[in-house]
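Quick note, the sequence shown lines up with residues -10 to 97 if you use this note's numbering.
The block underneath contains the structure these notes are about, expressed in structure tokens.
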Amino acid sequence: MPDIDQQEGGCICGGVRYRVTGSPVIVAHCHCRDCQRGGGGGHSTGAMFPVDRFRLTGPVRQYQLVSSQGTRVTRSFCPTCASPIFGRNDGAPDHVTSKRPVSLLCRA
Ligand SMILES: [Zn+2]
Ligand SMILES: [Zn+2]
-10 MPDIDQQEGG CICGGVRYRV TGSPVIVAHC HCRDCQRGGG GGHSTGAMFP
40 VDRFRLTGPV RQYQLVSSQG TRVTRSFCPT CASPIFGRND GAPDHVTSKR
90 PVSLLCRA
């Protein structure tokens, strides 16, 4: 993956925008039950960034759940179009996982 200095993305309706600096720490498919429910498919794809390299513009709504590992997960989504935006996990408090990595990597 080329080193990406700054990338921006957004939700479907455009009400939420986000910007990341630098390359993700990891990009991975997650097949846990919650990601299957959240994405409506066999997995969801996430790109993890240090929290200080993730900037959000616009309102989000959140819900919390307990992961299969017992950690508390907060998922944020657009209140208008319901696009998943990012997740936080108290097992990795210094990181944010973008739930729309293609919108970052493909300059959507
Ligand atoms: Zn939206
Ligand atoms: Zn998952």
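All residues carry an ideal CB built from backbone N, CA and C; glycine is no exception.
**Report entry** Distance between residue 17 and residue 36 (C-alpha atoms, nearest Å)
**Finding:** Taking the sequence shown and counting its residues from 1, the one referred to as residue 36 is at position 47. Taking the sequence shown and counting its residues from 1, the one referred to as residue 17 is at position 28. Using only the alpha carbons, I get a separation of about 7 angstroms.
Report task. Kindly confirm or deny that the stretch 5 to 16 and the stretch 27 to 42 touch, where touching means at least three C-beta pairs closer than 8 angstroms. Result -> yes
Requested in this report: Return the chain-ordered ranges of every beta strand (DSSP E) run that is complete within the stretch 30 to 95 and spans a minimum of 3 residues.
Outcome: The stretch 30 to 95 contains, as complete beta strand (DSSP E) runs of 3+ residues, the segments 33 to 39, 43 to 46, 50 to 55, 61 to 66, 73 to 78 and 84 to 87 (chain order).
Query raised in the report: Since residue -1 is in the alpha helix (DSSP H), which residue starts that stretch and which ends it?
Result: Within the sequence shown, residue -1 is the residue found at index 10, counting from 1. No alpha helix (DSSP H) holds residue -1; the beta strand (DSSP E) holding it covers -5 to -1.
Query - Residue from 27, 44 and 53 with nearest C-alpha to residue 99 - result: Nothing in the structure corresponds to residue 99, since the chain is present only between -10 and 97.
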